[in-house]
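Below is one structure, written out as structure tokens; comments come after it.
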Amino acid sequence: MSLILDMKVFIAGSCKNLECLAFKGGAFKKVDFPALCVFFKVLHNNQEINILFDSGYSEHFFKATTNFPEKLYALSTPVSLNSTLKSQLKLHNITKIDFIFISHFHADHIGGLKDFEKVSFIASKEAYESFIHKNKWSNLRQGVLPNLLPKDFKERLIDIKTLQKSAFNKDFQEAYLWLDCFFIVPLFGHALGQYGLFFTYKNQEIFLIADSIWDYKSLMDNALPSKLTHFLLSDTQEFYHTIKCLQNMQHSNPKVLFVPSHCKTSIEKLQNFLKAQNV
Numbered sequence: 428m429s430l431i432l433d434m435k436v437f438i439a440g441s442c443k444n445l446e447c448l449a450f451k452g453g454a455f456k457k458v459d460f461p462a463l464c465v466f467f468k469v470l471h472n473n474q475e476i477n478i479l480f481d482s483g484y485s486e487h488f489f490k491a492t493t494n495f496p497e498k499l500y501a502l503s504t505p506v507s508l509n510s511t512l513k514s515q516l517k518l519h520n521i522t523k524i525d526f527i528f529i530s531h532f533h534a535d536h537i538g539g540l541k542d543f544e545k546v547s548f549i550a551s552k553e554a555y556e557s558f559i560h561k562n563k564w565s566n567l568r569q570g571v572l573p574n575l576l577p578k579d580f581k582e583r584l585i586d587i588k589t590l591q592k593s594a595f596n597k598d599f600q601e602a603y604l605w606l607d608c609f610f611i612v613p614l615f616g617h618a619l620g621q622y623g624l625f626f627t628y629k630n631q632e633i634f635l636i637a638d639s640i641w642d643y644k645s646l647m648d649n650a651l652p653s654k655l656t657h658f659l660l661s662d663t664q665e666f667y668h669t670i671k672c673l674q675n676m677q678h679s680n681p682k683v684l685f686v687p688s689h690c691k692t693s694i695e696k697l698q699n700f701l702k703a704q705n706v
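Numbering (our numbering), first residue to last: 428 to 706.
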């Protein structure tokens, strides 16, 4: 048996982009899109395990985008960073991390990986192999900066598909059970090999859905992202299929807390929930 003992939310930087790209009805102005990271302490087989969901931005991002063509990434989505994830963890006396779950390989999710040595990575091997030998322009189009990965990334990678398969629900049939407390759920379309985490903490079901949508309005009001984002997607058809599956799940189980990685409103709901548990 496993139990999630603790959970904390961190924001490791943000980028600016047009709100109207994230959902229909959004303003034609640039807004901040926070880079969500989540810390878990899990009791598994009488051992305490520290886990991160994504790693946000770090100084490594600015180094990786110094030269062209990678600099175009930084110019198109200006990044702000007040404090790295590692620095924030240190303030909470968290110095040991055992696993980092990588939802997908876009720079705002892997930017801090180099700050964590001797950590195992849970991610899609298929997605990793799809870009590691491609040219810079191809990777840039997909929002991937391979220089953000540690040199020994491959040796530290645990492929999601090697984990135990598990039934999840009627919409997301292929899922994987990890540490007996996390369902790793495919959320394909936005990026190849994108996965989310579903779990229960303090009797609250929570679904970290990465970039399957950018704003909760896409679930609640069917305010879908702008079609201008299509050229960034790995598979447009899969993208909308994933959104439909999430909408079906939200309608059938409205008590689930869905948290897209860049939705301020959803992140604040999660933060408020966690605060309430500590009162």
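We put the CB at the ideal spot given by N, CA and C, even for glycine.
A quick note: this is a predicted structure, and the numbers were derived from the prediction, not measured.
| query | result |
| --- | --- |
| Buried/exposed call for methionine 647, threshold 16 Cβ in 10 Å | exposed |
| Check whether serine 688 and aspartate 542 have beta carbons under 8 Å apart | no |
| Three-way DSSP call (helix, strand, coil) for glutamine 664 in this model | helix |
| Cβ pair alanine 550, isoleucine 587 closer than 8 Å | yes |
| Collapsed DSSP secondary structure at serine 688 in the structure displayed | coil |
| Exposure label - phenylalanine 528; buried when at least 16 CB within 10 Å | buried |
| Rounded C-alpha distance that separates valine 571 from tyrosine 603 | 25 Å |
| Residues of its chain near lysine 513, where Cβ-Cβ distance is below 6 Å and the 5 sequence neighbours each way are ignored | Asp542 |
| Other residues of its chain near histidine 471: CB distance less than 6 Å, five sequence neighbours each side excluded | Ser429, Leu606 |
| Cβ neighbours of leucine 432 in the same chain (closer than 6 Å, five flanking residues each side left out) | Lys468, Leu470 |
| Lysine 456 and leucine 651 closer than 8 Å at C-beta | no |
| Simplified DSSP state of proline 573, which is helix, strand or coil | helix |
| Contacts around asparagine 444, its chain only, beta-carbon distance under 7 Å, and the 5 residues preceding and following it disregarded | Lys457, Phe460, Thr504 |
| Buried versus exposed call for leucine 655 [16 or more other C-beta atoms within 10 Å across all chains shown] | exposed |
| Touching by the beta-carbon criterion (3+ pairs, under 8 Å), the region 653-673 and the region 475-492 | no |
| Check whether serine 507 and serine 441 have beta carbons under 8 Å apart | yes |
| Residues near phenylalanine 599 by beta carbon distance below 7 Å, same chain, minus five either side | Val612, Pro613, Cys672 |
| Check whether glycine 738 and leucine 660 have beta carbons under 8 Å apart | This structure cannot settle anything about residue 738, because the visible part of the chain is limited to 428 through 706. |
| Cβ-heavy atom distance, threonine 692 to the ligand ATP, below 7 Å | Inclusion of the ligand ATP in the displayed structure is not the case, the ligand content being empty and no account of it being possible. |
| Straight-line gap, lysine 498 to isoleucine 521 (C-alpha atoms, nearest Å) | 33 Å |
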